[in-house]
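Engineer: Just so you know, we're using this note's numbering here: the sequence shown kicks off at 75 and counts up by one.
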Amino acid sequence: MVRDIVCGMGVEEDDPSTFVKSLEGKTYYFCSDQCMLPFMRAPDDYIKTKGKETEMVKDLVCGMEVDENNPPFTSVNKGKIYYFCSNSCKREFERNPKKYLK
């Protein structure tokens, strides 16, 4: 399993539904064309600088791992940043943060 560089979702390299793009000798995998197209328009916005490690954090709503350095969505609660895989998870958290901050 590899990570979609745009949304952080885990994707299978050999799954026929996985979108693939090669750039400068490196292969990138995407969960959908909605992730691949923004990458193709501005790859430098998504490619990490050399030596920068990916740090995965857990989306408190659904439990999915999200790239802390390139999160799809964030929310701040009492000065702390929380990371989310989708806008729906972010909205769910913001509706009732106490439910997730146990």
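We put the CB at the ideal spot given by N, CA and C, even for glycine. These numbers come from a predicted model, not from an experiment.
1. Suppose you measure from the CA of T123 to the CA of L97; what does that come to, to the nearest Å?
2. If we require 4 or more residues per run, which alpha helix (DSSP H) segments fall completely within the stretch 92 to 116?
3. Does the beta-carbon distance from D119 to M130 come in below 8 Å?
4. Figure out for me which residue from G137, G153, R77 and E86 has the closest Cα to the Cα of C163.
5. Rounded to the nearest angstrom, what separates F147 and E168 at their Cα positions?
6. Taking the Cβ atom as the reference point for each residue, do F113 and K100 lie within a distance shorter than 8 Å?
7. In whole angstroms, give me the CA-to-CA distance for D88 and S106.
8. Between which two residues does the alpha helix (DSSP H) containing Y174 stretch?
9. Would M110 be called buried (16 or more neighbouring beta carbons within 10 Å of its own) or exposed?
10. Would DSSP call N151 helix, strand or coil?
Structural biologist: Answer, in terms of the structure:
1. Interpretation of T123 is limited by its pLDDT of 48, a score under 50 that renders its predicted location unreliable; the figure taken from the coordinates is listed afterwards. Approximately 15 Å between the Cα atoms of the pair.
2. 107 to 115
3. no
4. G137
5. 12 Å
6. no
7. 14 Å
8. P171 to Y174
9. buried
10. strand
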